[in-house]
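Pasting the structure below:
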């Protein structure tokens, strides 16, 4: 009887795991650092069953040698303009429409100049998936009439979700060639911190976790 119950429990667990909604990742930004990061996201989306295989990257459309940059990325699997030395996994898909890039995403990573964040967030917020969470890889800090504004606070306020932060002395060109690098993810929600670590951690990219988004962000901005 006990074996039968255990077998039933295992079957139900496996069935639930197989049908569970997978985390869908979107990268907002396609400069050299964003492209270096999305290489890791693409790899780990294929490695770990918790993630949907496809990783979408928003790319501001521009022409390179008479062709759309998104077309080149999706056929040659390399961002020839911003990180030509870093081949991209085939499951990374370049999308020129911001809303379509973010549609259904449950994990959204921002790696774009901070002055564009507010209008971008207004575009992506209505199309995100359930229980979404964010991570900022945006360098620097902002200011308003009251003083310093942390980018993670801006995202947290405008998007209305838990927001982690990724900072480190990371050089995109070194990441592109899989030279060993280390980075830190600051988190306030431990579950989301672990999830983002799983999304970025790689044998050549060691991710540490710190329960302090403010400290990590300020250290990254001031380094």
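Numbering (the working numbering), first residue to last: 570 to 792. For glycine and all other residues, C-beta sits at the position ideal for the given N, C-alpha and C.
{"Item": "Express the C-alpha separation of residue 606 and residue 554 in angstroms, rounding to a whole number.", "Value": "Nothing can be reported for residue 554: it is not among the residues displayed for the chain, which extend from 570 to 792."}
{"Item": "Could you please give the first and the last residue of the uninterrupted alpha helix (DSSP H) stretch that includes residue 730?", "Value": "Where residue 730 is concerned, there is no enclosing alpha helix (DSSP H), given that its DSSP letter is neither H nor E."}
{"Item": "Run the CB neighbour count on residue 539, radius 10 Å, all protein chains shown included, and call it buried at 16 or more, exposed below.", "Value": "This structure cannot settle anything about residue 539, because the visible part of the chain is limited to 570 through 792."}
{"Item": "Among the candidates 783, 625, 740, whose CA atom is the shortest distance from the CA of residue 717?", "Value": "783"}
{"Item": "What does DSSP give as the partner residue(s) for residue 689 in the beta ladder?", "Value": "Residue 689 is not bridged to any residue."}
{"Item": "Skipping 5 residues on each side, what residues in its chain have a beta carbon closer than 7 Å to that of residue 656?", "Value": "646, 647"}
{"Item": "In whole angstroms, what separates the C-alpha of residue 652 from that of residue 744?", "Value": "10 Å"}
{"Item": "I'd like the list of long-range same chain contacts for residue 662, defined as Cβ closer than 8 Å, with 5 residues on each side in sequence excluded.", "Value": "623, 624, 625, 626, 643"}
{"Item": "Tell me whether residue 702 is buried or exposed, calling it buried when 16 or more other Cβ atoms sit within 10 Å of its Cβ.", "Value": "buried"}
{"Item": "Indicate whether the contact test is met: 3 or more Cβ pairs, each with one atom in the segment 765-785 and one in the segment 630-639, closer than 8 Å.", "Value": "no"}
{"Item": "According to the neighbour-count rule (16 or more other Cβ atoms, all chains shown, within 10 Å of its Cβ), is residue 793 buried or exposed?", "Value": "Only positions 570 to 792 of the chain appear in this structure, which leaves residue 793 out of reach."}
{"Item": "Please classify residue 586 as buried or exposed, where buried requires at least 16 other C-beta atoms within 10 Å of its C-beta.", "Value": "With a pLDDT of 46 at residue 586, under the threshold of 50, the modelled position of this residue cannot be trusted; read the value that follows with caution. The residue is exposed, with fewer than 16 neighbouring Cβ atoms inside 10 Å."}
{"Item": "Where does the unbroken alpha helix (DSSP H) through residue 743 begin, and where does it stop?", "Value": "741-745"}
{"Item": "Can you tell me where the alpha helix (DSSP H) holding residue 788 begins and where it ends?", "Value": "782-791"}
{"Item": "Is it the case that the segment 685-693 contacts the segment 610-618, given that we only count it when at least three CB pairs across the two stretches are under 8 Å?", "Value": "no"}
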